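> Just dropping this structure here.
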Amino acid sequence: MKKLKPAAYALLPLAVAMAQPAAAQDTKELKVGVASEATSIDPHFHNVGQNNALRRHIFESLIATDANQKLLPALAESWKAVDDTTWEIKLRPDVKFSNGEAFTARDYVYTMCRVPLVENSPSSFTVFTRGIESIETPDPLTIRVKTATPQPLFPNNMTTLGILSAAVFGAGDVKYGKDGCENMGTPPKSSDFNDPAKAVGTGPFKLKEYTRGTHIILEANEGYWGEKPVWQRVVMRPITSAGPRVAALLAGDVDMIENPPIQDFDKIKGAGFTLVEGLSNRIIYIHLDQFEDKTPGVKGTDKNPFKDVRVREALSKAINREAIVERIMGGVAQAAGELLPYPLFGTTKDAKPVAYDPEASKKLLAEAGYPNGFELTIGTPNDRYINDEKVAQAVAQMFTRVGIKTNIDAMTASTFFSRRNKHEFSAYLAGWGADSGEMSNSLNALVVTPNKDTGGGHTNRGRYSNAEVDALVMEAQRTIDDAKREELLQKASKIAMDDYALLPLHFEVTPWAFKKTLSYTPRVDQYTLVTEVKPAQ
Amino acid sequence: MSEQAATPAPAAAARPTDKGESLLLRHVAAFFESPLAVIGLAGLVVLVILALAASFIAPQNPYDLAQLDIMDGTLPPGSESLAGYTYWLGTDEQGRDLLSAILYGLRISLGVGAISVVIACAVGASVGVIAAYAGGRIDNFVMRVVDLQLSFPAILVALVLLAVFGRGVDKVIIALVIVQWAYYARTVRGSALVERRRDYIEAARCLALPKNRIVFRHLLPNCLPPLIVVATVQVAHAIALESTLSFLGVGVPVTEPSLGMLIAKGYDYLLSGKYWISTFPGIALVAAIVAINLVGDRLRDVLNPRLSR
């Protein structure tokens, strides 16, 4: 920020007062204070929440998701599995890119070819294209995709990939090849998209201006095929610290903010703003080392106590999840009994959180041979999840009450994740957001036996292993039939939870705050989509 | 502190012009002439007693997680706990009684301040006095190291060190010692350079006393007055630095909050009107630092020969 002279400070309130629009919400401009800035305009650069949210405004995907992550037709009118390894997609006719070019199957092929060509991607989208064997385009509005193995999540994968215009980058008649495509022209670099002339998609908005660290300005796409956007112009300002973000909202600098801190809810409501909260697909959990025979963070016993299911059950019963939700999260969370909140795909309605029962917990510990408990250190990040360090402390408090003297090792997220990945913690607190919004994602990440070749259990750093769960998840990942697949996932989830594979704590709830004249429906994926911000009725 | 203050007296007796006992008494009397200093000293004594007696007078052991109840979290001052006693200063978000946490926090803050200063003082004074006595290349080398050290902001060095060491009271002390020893080395060298030209050192040399005896028994005790002044002020600095580090989240473990960490915890709640979590530890911290500084200022006036009447 530039330094202002004292005299300028004196004028500031006046300037703010003059800039205030009339009470009724006009629909010319919307200013949003976002909590984290997109790392690139390139829709395929970095698979992370803020980028994916921004991408949806400019580059649409074949299939969209609603607030509960149910699939909706977007650029694809319909899709079906012809057989176990073939998907057929019918494209929407008469769709135009923001530069006036028509959208056809060629643009889809071009996009699938371009995703693996992105350089230096911190978190790549190739996981969504890797299984594609071949793509055929019998006519400009029909696509047939063959996959190497059955891919029931193919439609979900298609919700993550924004479609580029082949013509903008000088591509010819693109042919898909698994090991490289033909007639690709000059594939763009990620930084090319900073130029609004190159950032061409079919979305409801087009990029007007991008100044890193300051703002992203979007403008309504007049030729949009769907419902016309309400806002003519949208300014997204990254304000990464929570305090200044709230202050910007209260001062009228922005109309809406992401993620106001729980502590400030009363103040925001008191100042006449609306707060909405929505359950997210992010679970906060504690994972326990169930692999080593002697685990580094446990003292007072020679064994690894977490290999005993009775100890894991005792720990789960020692946690008062409702108290954490009420006291630490200010009621803005939901106690968890599974890895995803009901009614997302693969969840069970009666999967209730494990009840708080310290007496039963002590008894189980005594049965398992630890009547005097042991000493434990829990690793936790202190700047990654909402109140993460405070939640870990509350859990430590509860463990200590049943006789397990618990310490907290709190650190910044980058240190935490690198130490966790080296298995330095016997117990750690972390979170997992299932971006596909269905159970196979969560189970595969957190519970399935770690296996480098299949990519299974990639975030299962407690190294829990249960052949039955592995088999069920594996089968589900091959099953195209939705009903059957859901049943398999429900079963796998129940087995893992009954075995206390990890200790679920709560689902994060995402809050938004905005002017009384606006309305917004909370989303499970935590995205802020301007298209869904409407003037209040 | 009083023990250290007493040590220069016998050594000073070596000087022909001074009468040992009367010098100390004169200094003590001069100290008590300032009412502000007396208030500071009284406040400091009270705080030290409170800190030392924390485990006996605090209603709760805030570091024993089994005694905390999360259901008592963020209660305002004067609220009653589920177990029936009163939280006179309220609780933090973990249900920690703030009165108890402040008493224990004072113990950490004063303890870390005192211990780090004593160690840094010992290290710095030894290095300084040796450099001054040896002179030449050794002196040059040591003083360039000191210059280098002093050219970095203390907080920056401490942050880097703690990022490497990890959290813990012992590690904070180590970091503070590393950050502070240079001040003492410089101070002691300054006065030792003056003292070593005096007659009593010459006399000691003529008696062929061993070097280490001359340095540590004759030279060092006579350099103590400025050192005491610097040390007193540095205790306050050390406490402030420890609080800063804890506030930034790299100091003490989260389950054993010091004053700085309590203030940091409350910072999250300041906008929402839960003032007590930050305010009371803040008052305690300010009181401790002001008291030490009042005492330190007066000591400087008393021990500075240029200001003596």
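Going line by line, the protein sequences match chains A and B. Sequence positions in the first sequence follow the numbering used here and run 1 to 537. Sequence positions in the second sequence follow the numbering used here and run 538 to 846. Glycine included, each C-beta is placed from N, C-alpha and C at the ideal position. Since this is a predicted model, take the numbers as computed values, not measurements.
#1: Whose C-beta lies closer than 7 angstroms to the C-beta of residue 777 of chain B among residues of the same chain, with five residues either side of it excluded?
#2: What residues from chain A crowd round residue 607 of chain B, counting only those whose CB sits closer than 8 angstroms?
#3: Tell me the residue span of the alpha helix (DSSP H) that contains residue 124 of chain A.
#4: For residue 587 of chain B, which residues from the same chain have a beta carbon less than 8 angstroms from its beta carbon, with the 5 sequence-adjacent residues on both sides left out?
#5: Can you look up residue 21 of chain A in the DSSP assignment and give me helix, strand or coil?
#6: Could you confirm whether any beta carbon from chain A is found closer than 9 angstroms to the beta carbon of residue 571 of chain B?
#7: Which ranges would you report for the alpha helix (DSSP H) in the segment 427 to 467 of chain A if only whole runs of at least 4 residues count?
#8: For residue 537 of chain A, count neighbouring Cβ atoms within 10 angstroms of its own Cβ and tell me buried if that reaches 16, exposed if not.
#9: Nearest by alpha-carbon distance to residue 734 of chain B: which of B:718, B:756, B:573 and B:750 is it?
#10: Measuring CB to CB, does residue 230 of chain A end up less than 9 angstroms from residue 219 of chain A?
#11: Taking residue 171 of chain A as the reference, which of A:186, A:316, A:158 and A:214 has the closest Cα?
#12: Identify every run of the alpha helix (DSSP H) within the segment 773 to 835 of chain B, keeping only runs that are complete inside it and at least 4 residues long; order them along the chain.
#13: For residue 602 of chain B, which residues in chain A fall below 7 angstroms Cβ to Cβ?
#14: Using DSSP with H/G/I as helix, E/B as strand and the rest coil, what is residue 158 of chain A?
#15: Determine the contact status of residue 477 of chain A and residue 440 of chain A, defining contact as a CB-CB distance below 9 angstroms.
#16: For residue 491 of chain A, collect the residues of the same chain with a Cβ closer than 8 angstroms to its Cβ; drop the 5 residues on either side in sequence, then sort them by chain order.
#17: If contact means a Cβ-Cβ distance below 9 angstroms, which residues of the segment 355 to 375 of chain A contact chain B?
#18: Under a CB-based cut-off of 9 angstroms, is residue 22 of chain A close to chain B?
#19: Give me the DSSP bridge partner(s) of residue 33 of chain A.
#20: Going by CA-CA distance only, name the one from A:102, A:356, A:331 and A:295 that's closest to residue 319 of chain A.
#21: Given that residue 630 of chain B touches chain A, what residues does it touch there, using C-beta distances under 8 angstroms?
#22: Considering only the alpha carbon of each residue, which of A:304, A:285 and A:289 lies closest to residue 333 of chain A?
#23: Which residues of the segment 265 to 281 of chain A have a Cβ closer than 9 angstroms to any Cβ of chain B? Give them in chain order.
#24: Consult DSSP for residue 85 of chain A and reduce its assignment to one of helix, strand or coil.
#25: Should the segment 518 to 533 of chain A be regarded as contacting the segment 53 to 71 of chain A, the criterion being three or more beta carbon pairs within less than 8 angstroms?
#26: Is there a C-beta anywhere in chain B that falls below 9 angstroms from the one on residue 298 of chain A?
#27: What is the rounded straight-line gap between the Cα of residue 213 of chain A and the Cα of residue 56 of chain A?
#28: When you compare each of A:94, A:184, A:124 and A:488 to residue 140 of chain A by their alpha carbons, which one comes out closest?
#29: For residue 481 of chain A, does the count of other Cβ atoms within 10 angstroms reach 16, so buried, or fall short, so exposed?
#30: Rounded to whole angstroms, what's the CA-CA distance from residue 694 of chain B to residue 521 of chain A? Just pull it up for me.
#31: Contact criterion: CB-CB distance below 9 angstroms. Does residue 809 of chain B meet it with respect to chain A?
#32: List in chain order: all unbroken alpha helix (DSSP H) runs of 4+ residues lying wholly within the segment 477 to 523 of chain A.
#33: What three-state label does DSSP hand residue 536 of chain A in the structure shown?
#34: With DSSP collapsed to three states, give me the class of residue 291 of chain A.
#35: With distance defined between alpha-carbon atoms, name the residue in B:751, B:722 and B:692 nearest to residue 788 of chain B.
#36: Can the beta-carbon of residue 196 of chain A be found closer than 9 angstroms to that of residue 189 of chain A?
Based on what the coordinates show:
#1: Within the second sequence, numbered from 1, the residue matching residue 777 of chain B stands at position 240. Cβ neighbours of residue 777 of chain B beyond the five flanking positions: 826.
#2: Looking up residue 607 of chain B in the second sequence gives position 70. One finds 320, 323, 324, 327, 328, 394, 397 and 398 in chain A with Cβ atoms closer than 8 angstroms to the Cβ of residue 607 of chain B, taken in chain order.
#3: Position 124 of the first sequence, counted from the start, is the residue given in the question as residue 124 of chain A. It is not in any alpha helix (DSSP H) - residue 124 of chain A carries neither H nor E in the DSSP assignment.
#4: Working through the second sequence from its first residue, we reach residue 587 of chain B at position 50. 594, 640 and 643, listed in sequence order.
#5: Here the question's residue 21 of chain A lines up with position 21 in the first sequence. Reliability of the predicted coordinates at residue 21 of chain A is poor, the pLDDT of 44 falling under 50, and the value obtained from them is presented with this limitation in mind. Reduced to three states, the DSSP call for residue 21 of chain A is coil.
#6: As a position in the second sequence, residue 571 of chain B is number 34, starting the count at 1. Not one chain A Cβ lies under 9 angstroms of residue 571 of chain B.
#7: 439 to 446
#8: Counting from 1 along the first sequence, the entry for residue 537 of chain A is found at position 537. Answer is exposed; the Cβ neighbour count stays below 16.
#9: Along the second sequence, one-based indexing puts residue 734 of chain B at 197. For residue 734 of chain B, the nearest C-alpha among the options comes from B:756.
#10: As a first step, residue 230 of chain A is located in the first sequence; it is residue number 230 there, counting from the start. As a first step, residue 219 of chain A is located in the first sequence; it is residue number 219 there, counting from the start. No, these two residues do not count as a Cβ contact at 9 angstroms.
#11: Counting from 1 along the first sequence, the entry for residue 171 of chain A is found at position 171. Answer by Cα proximity: A:186.
#12: 796 to 804
#13: Residue 602 of chain B sits at position 65 when you count from the first residue of the second sequence. Those within 7 angstroms of residue 602 of chain B in chain A are 396, 397, 400 and 406.
#14: Translated into the one-based positions of the first sequence, residue 158 of chain A becomes position 158. If DSSP states are grouped into helix, strand and coil, residue 158 of chain A belongs with the helices.
#15: For the purposes of this step, residue 477 of chain A is taken as the residue at position 477 of the first sequence. For the purposes of this step, residue 440 of chain A is taken as the residue at position 440 of the first sequence. A contact, by the Cβ cut-off of 9 angstroms.
#16: Along the first sequence, read from residue 1 onward, the residue named residue 491 of chain A stands at position 491. In its chain, beyond the 5 residues on either side, 472 have a beta carbon closer than 8 angstroms to the beta carbon of residue 491 of chain A.
#17: none
#18: Position 22 of the first sequence, counted from the start, is the residue given in the question as residue 22 of chain A. For residue 22 of chain A, the predicted model reports a pLDDT of 41, less than 50, meaning its position is unreliable and no value from the coordinates is stated.
#19: As a first step, residue 33 of chain A must be located in the first sequence, where it is residue number 33. According to DSSP, which records beta bridges pairwise, residue 33 of chain A is partnered with A:237 and A:257.
#20: One-based indexing of the first sequence puts residue 319 of chain A at position 319. For residue 319 of chain A, the nearest C-alpha among the options comes from A:356.
#21: As a position in the second sequence, residue 630 of chain B is number 93, starting the count at 1. In chain order: 327, 328 and 390.
#22: Taking the first sequence and counting its residues from 1, one reaches residue 333 of chain A at position 333. For residue 333 of chain A, the nearest C-alpha among the options comes from A:285.
#23: 265, 266 and 267
#24: If you number the first sequence from 1, residue 85 of chain A lands on position 85. Here residue 85 of chain A sits in coil by DSSP.
#25: yes
#26: The residue given as residue 298 of chain A occupies position 298 in the first sequence. So, not an interface residue.
#27: Within the first sequence, the letter at position 213 stands for residue 213 of chain A. Within the first sequence, the letter at position 56 stands for residue 56 of chain A. Distance between the alpha carbons of residue 213 of chain A and residue 56 of chain A is about 20 angstroms.
#28: Start at 1 with the first residue of the first sequence, and residue 140 of chain A comes out as number 140. Taking only the C-alpha atoms, the option nearest residue 140 of chain A is A:94.
#29: By one-based count along the first sequence, residue 481 of chain A stands at place 481. So residue 481 of chain A ends up on the exposed side.
#30: As a working mapping, residue 694 of chain B is identified with position 157 in the second sequence. As a working mapping, residue 521 of chain A is identified with position 521 in the first sequence. Using only the alpha carbons, I get a separation of about 48 angstroms.
#31: Walking along the second sequence from the start, residue 809 of chain B turns up at place 272. Yes, residue 809 of chain B counts as interfacial toward chain A.
#32: 482 to 498
#33: Residue numbering aside, residue 536 of chain A sits at position 536 when the first sequence is read from its first letter. Coil, per DSSP.
#34: What you label residue 291 of chain A is simply residue 291 of the first sequence in a count that begins at 1. Residue 291 of chain A: coil per DSSP, three-state reduction.
#35: The residue labelled residue 788 of chain B in the question sits at position 251 within the second sequence. For the residues B:751, B:722 and B:692, the minimum Cα distance to residue 788 of chain B belongs to B:692.
#36: Counting from 1 along the first sequence, the entry for residue 196 of chain A is found at position 196. Counting from 1 along the first sequence, the entry for residue 189 of chain A is found at position 189. No, these two residues do not count as a Cβ contact at 9 angstroms.
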